[in-house]
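Asks:
In UniProt numbering, the protein residues as written are 1 to 406.
1) Locate the beta strand (DSSP E) running through residue 274, then write down its first and last residues.
2) So what's residue 140 in DSSP terms, helix, strand or just coil?
3) If the criterion is Cβ atoms closer than 8 Å, does the pair residue 407 and residue 203 meet it?
4) Closer than 8 Å by C-beta to residue 184: which residues in its own chain qualify, once you throw out the five before and the five after it? Chain order, please.
5) Using 10 angstroms around the beta-carbon of residue 247, count the other beta-carbons present and answer buried if the total reaches 16, otherwise exposed.
6) Specify the secondary structure class of residue 56 as computed by DSSP and reduced to three states.
7) Going straight from the alpha carbon of residue 408 to that of residue 60, what length do you get?
8) When you compare the CB of residue 254 with every CB in chain B, is at least one pair closer than 8 Å?
9) Determine, using beta carbons only, whether residue 188 and residue 201 come nearer to each other than 8 Å.
10) Report the rounded CA-to-CA distance for residue 362 versus residue 216, giving the unit in angstroms.
11) Tell whether a beta-carbon distance below 8 Å holds between residue 115 and residue 280.
12) Distance, Cα to Cα, residue 264 vs residue 64?
13) Among the candidates 68, 91, 336, 150, whose CA atom is the shortest distance from the CA of residue 104?
14) If the criterion is Cβ atoms closer than 8 Å, does the pair residue 366 and residue 3 meet it?
15) Determine the extent of the alpha helix (DSSP H) in which residue 15 is found, giving its start and end residues.
16) If the criterion is Cβ atoms closer than 8 Å, does the pair residue 299 and residue 287 meet it?
17) Anyone know if the C-beta pair for residue 25 and residue 41 falls short of 8 Å?
18) With DSSP as the reference, label residue 263 as helix, strand or coil.
19) From residue 358 to residue 120, what does the alpha carbon distance come to, in whole angstroms?
20) Going by the CB atoms, is the gap between residue 342 and residue 315 shorter than 8 Å?
21) Tell me, please, whether the segment 90-105 touches the segment 16-32 by the rule of three or more beta-carbon pairs shorter than 8 Å.
22) Give me, in chain order, the residues of the same chain whose beta-carbon lies closer than 7 Å to that of residue 373; leave out the 5 immediate sequence neighbours on both sides.
23) For residue 17, which residues from the same chain have a beta carbon less than 6 Å from its beta carbon, with the 5 sequence-adjacent residues on both sides left out?
24) Please name the residue or residues paired with residue 221 in a DSSP beta bridge.
25) Run the CB neighbour count on residue 151, radius 10 Å, all protein chains shown included, and call it buried at 16 or more, exposed below.
26) CB residue 135 to CB residue 108, shorter than 8 Å?
27) According to DSSP, is residue 75 part of a helix, a strand, or is it coil?
28) Alpha helix (DSSP H) containing residue 5: first to last residue?
29) Is the Cβ-Cβ distance between residue 267 and residue 167 less than 8 Å?
30) Nearest-angstrom Cα distance between residue 191 and residue 252?
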């Protein structure tokens, strides 16, 4: 099949861009012919060769042109990575102009589902659902919310989990590579910004009783944060660690990690923490990756974490509660059997979310949509011929039709 992915894309440093790239590789690994249409807010990005078309996010005419171009390229289907902020217009509604012009099956993958959307956000989701063959989400909670809050039918929704990489390195090898032998390693990964709650995690580290404990924050500062305030936030975190006498216990790795480097750090960590301060987060690639690596995961109870860490796959602590986080960490350090139990549960569940499995689910979904489209076209042809012959169709029973003369 010939498939087009629409979304932000590498080298842009954002979670959606990374997701689009991972999905591209997964579908290619399943033998599919895959291209990428990139959404960009920058004119100077040098895309890899799989990016065959790009849209400037705030230029409405680009979306119209893109729809015409897509229809001319004989794609079987396209997969849109949807996040309100990556498309132009109020609540990203420029995307709808492109969507309305498409003549192929569309799968829209929702990275965010808001419980309390604005009127504009609600309307965008309604129009996105109307113009898509299927909406995919990453948790059952998102499906329930789309049914209850947005009144969307169940047969329009499909759960496909966030993919995780397949790790080609052991924990022992990873620690040796990073010089962390003998250390109990806690890791957080992601683009730095004030919405991540890293200050809470640093405060928690000051209460940990373990001389061999180290907390690593891996990731460059988010490009938007850099534009607005430079490295002010990172420097505040560094100062906080210094004020708490955590020199050596808190380490900052200020780089946008490659896939290989990220996998090494994830396998090296014993504990992974996402201390996000807000509930309404419906996906987290970093949390998914940590499960896939077999880390003991600790998180605040945002929506995605509550779903992913259910049934003993991780430990939850309250938002902005450094004492609760330190208690969870200390309990794992003091009880190795509990740490191992969480790690084994995470590894078992994470294996089902491999990018290979996610790619296969996407291929099967597209094949189903194409088969349904083919059946519908066949019925339309039969109906047209019947009308030409002066016949009409009347439903007799499910799966049957009765032809009657006019």
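Glycine included, each C-beta is placed from N, C-alpha and C at the ideal position.
Quick caveat, the model's predicted, so the values are computed rather than measured.
Replies: In terms of the structure at hand:
1) Taking the first residue of the chain shown as 1, we reach residue 274 at position 274. That run of the beta strand (DSSP E) goes 271-274.
2) Here the question's residue 140 lines up with position 140 in the chain shown. If DSSP states are grouped into helix, strand and coil, residue 140 belongs with the helices.
3) Any answer about residue 407 is impossible in this case: the structure gives the chain only from 1 up to 406.
4) Reading the chain shown from its first residue, position 184 is the one you call residue 184. 210, 212, 213, 214, 270, 271, 333, listed in sequence order.
5) Taking the chain shown and counting its residues from 1, one reaches residue 247 at position 247. The residue in question, residue 247, is exposed, as its Cβ has fewer than 16 Cβ neighbours within 10 Å.
6) For the purposes of this step, residue 56 is taken as the residue at position 56 of the chain shown. If DSSP states are grouped into helix, strand and coil, residue 56 belongs with the strands.
7) Summary: the structure shown does not reach residue 408, with the chain confined to residues 1 through 406, and so no result is reported for it.
8) Going by chain labels, chain B is absent from the structure shown, which holds only one protein chain.
9) As a position in the chain shown, residue 188 is number 188, starting the count at 1. As a position in the chain shown, residue 201 is number 201, starting the count at 1. Taking 8 Å as the Cβ cut-off, residue 188 and residue 201 qualify as a contacting pair.
10) For the purposes of this step, residue 362 is taken as the residue at position 362 of the chain shown. For the purposes of this step, residue 216 is taken as the residue at position 216 of the chain shown. Computed Cα separation, rounded: 34 Å.
11) Stepping through the chain shown from its first residue, residue 115 is reached at position 115. Stepping through the chain shown from its first residue, residue 280 is reached at position 280. Yes, they are a contact pair.
12) The residue given as residue 264 occupies position 264 in the chain shown. The residue given as residue 64 occupies position 64 in the chain shown. Roughly 43 Å separates the two Cα atoms.
13) The residue given as residue 104 occupies position 104 in the chain shown. Residue 104 has its Cα closest to that of 68, out of 68, 91, 336, 150.
14) On the chain shown, residue 366 is found 366 positions in, with the first residue counted as 1. On the chain shown, residue 3 is found 3 positions in, with the first residue counted as 1. Yes, these two residues count as a Cβ contact at 8 Å.
15) Within the chain shown, numbered from 1, the residue matching residue 15 stands at position 15. 15-29 is the span of the alpha helix (DSSP H), which, as asked, contains residue 15.
16) In the chain shown, the residue the question calls residue 299 occupies position 299. In the chain shown, the residue the question calls residue 287 occupies position 287. Their beta carbons are under 8 Å apart, which means residue 299 touches residue 287 by this criterion.
17) Counting from 1 along the chain shown, the entry for residue 25 is found at position 25. Counting from 1 along the chain shown, the entry for residue 41 is found at position 41. Contact flag unset, no.
18) Along the chain shown, read from residue 1 onward, the residue named residue 263 stands at position 263. Three-state DSSP puts residue 263 in a helix.
19) Against the chain shown, residue 358 aligns to sequence position 358. Against the chain shown, residue 120 aligns to sequence position 120. Distance between the alpha carbons of residue 358 and residue 120: 31 Å.
20) Reading the chain shown from its first residue, position 315 is the one you call residue 315. Reading the chain shown from its first residue, position 342 is the one you call residue 342. Contact: yes.
21) no
22) Numbered from its first residue, the chain shown carries residue 373 at position 373. Contacts found: 105.
23) Within the chain shown, numbered from 1, the residue matching residue 17 stands at position 17. Cβ neighbours of residue 17 beyond the five flanking positions: 8, 9, 10.
24) What you label residue 221 is simply residue 221 of the chain shown in a count that begins at 1. According to DSSP, which records beta bridges pairwise, residue 221 is partnered with 192.
25) If you number the chain shown from 1, residue 151 lands on position 151. Its Cβ having fewer than 16 others within 10 Å, residue 151 is exposed.
26) Residue mapping note: residue 135 aligns to position 135 of the chain shown, counting from 1. Residue mapping note: residue 108 aligns to position 108 of the chain shown, counting from 1. Contact flag set, yes.
27) Residue 75 sits at position 75 when you count from the first residue of the chain shown. Residue 75: coil per DSSP, three-state reduction.
28) Here residue 5 corresponds to residue number 5 of the chain shown, with the count starting at 1. Run containing residue 5: none in the alpha helix (DSSP H); it sits in the beta strand (DSSP E), 2-7.
29) Taking the chain shown and counting its residues from 1, one reaches residue 267 at position 267. Taking the chain shown and counting its residues from 1, one reaches residue 167 at position 167. Result yes, Cβ atoms of residue 267 and residue 167 sit closer than 8 Å.
30) What you label residue 191 is simply residue 191 of the chain shown in a count that begins at 1. What you label residue 252 is simply residue 252 of the chain shown in a count that begins at 1. The straight-line gap from Cα to Cα measures roughly 12 Å.
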